[in-house]
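Residue numbers (the working numbering): 660 to 838.
Just below is one structure, and these are the notes that go with it.
Given below as structure tokens:
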């Protein structure tokens, strides 16, 4: 079987499979949640085929998709993947979405994601939607709050250069001054 090529994501050294596995529909949206054992097998099959970039969010399920990935990453699978999850969208009263970019919320969301995923580090943690009430420099200042996940020195360096490496954030910000 041909292996999936690997590519650099951004300039901080993260290398990921050129094809990723978006896990959203396993637990939410596009119909009922799929059977957990089947989804764990699917994730393992993807990883064994070289698709090692796995994407989820705390809002998928909500939260159940991160729990599913946490189960799938056991038994040495975590060491083979690049794990991405997102913050910034939360359910209110079980159904309405609210966009949130307050640093205290971001920190709490990150800690909760780490617990649900049963990992000690998230390879790519990014904002799902921009909170227009909170300036982006306030939201991303969360990363400088003595938090040790995400390869903190690399992220602080990136922030000091006023540079965000995720194309998703650049698209969401829609600012021509960012590259």
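In this text, a Cβ means the ideal position worked out from N, Cα and C, and glycines have one as well.
Alpha carbon of residue i to alpha carbon of residue j, nearest angstrom
{"i": "residue 699", "j": "residue 730", "result": "8 Å"}
{"i": "residue 696", "j": "residue 680", "result": "17 Å"}
{"i": "residue 668", "j": "residue 675", "result": "7 Å"}
{"i": "residue 769", "j": "residue 788", "result": "15 Å"}
{"i": "residue 790", "j": "residue 765", "result": "11 Å"}
Closest Cα partner of residue i within the set the options
{"i": "residue 665", "options": "740, 752, 790 and 753", "result": "740"}
{"i": "residue 747", "options": "722, 737 and 734", "result": "722"}
{"i": "residue 727", "options": "757, 777, 754 and 738", "result": "777"}
{"i": "residue 779", "options": "796, 755 and 738", "result": "738"}
{"i": "residue 703", "options": "673, 734, 800 and 719", "result": "734"}
Neighbour-count burial assignment, residue i, 16 or more Cβ in a 10 Å radius
{"i": "residue 807", "result": "A caution first: residue 807 carries a pLDDT of 40, below 50, which makes its placement in the model unreliable, though a value can still be read off. Exposed is the call here."}
{"i": "residue 677", "result": "exposed"}
{"i": "residue 690", "result": "exposed"}
CB-CB length for residue i against residue j, believed under 8 Å
{"i": "residue 683", "j": "residue 693", "result": "Not quite, the Cβ-Cβ distance comes to about 11 Å (not below 8 Å), so this is no contact."}
{"i": "residue 782", "j": "residue 742", "result": "5 Å"}
C-beta contact flag for residue i and residue j at 8 Å
{"i": "residue 772", "j": "residue 717", "result": "yes"}
{"i": "residue 749", "j": "residue 759", "result": "yes"}
{"i": "residue 793", "j": "residue 761", "result": "yes"}
{"i": "residue 724", "j": "residue 687", "result": "yes"}
{"i": "residue 706", "j": "residue 736", "result": "yes"}
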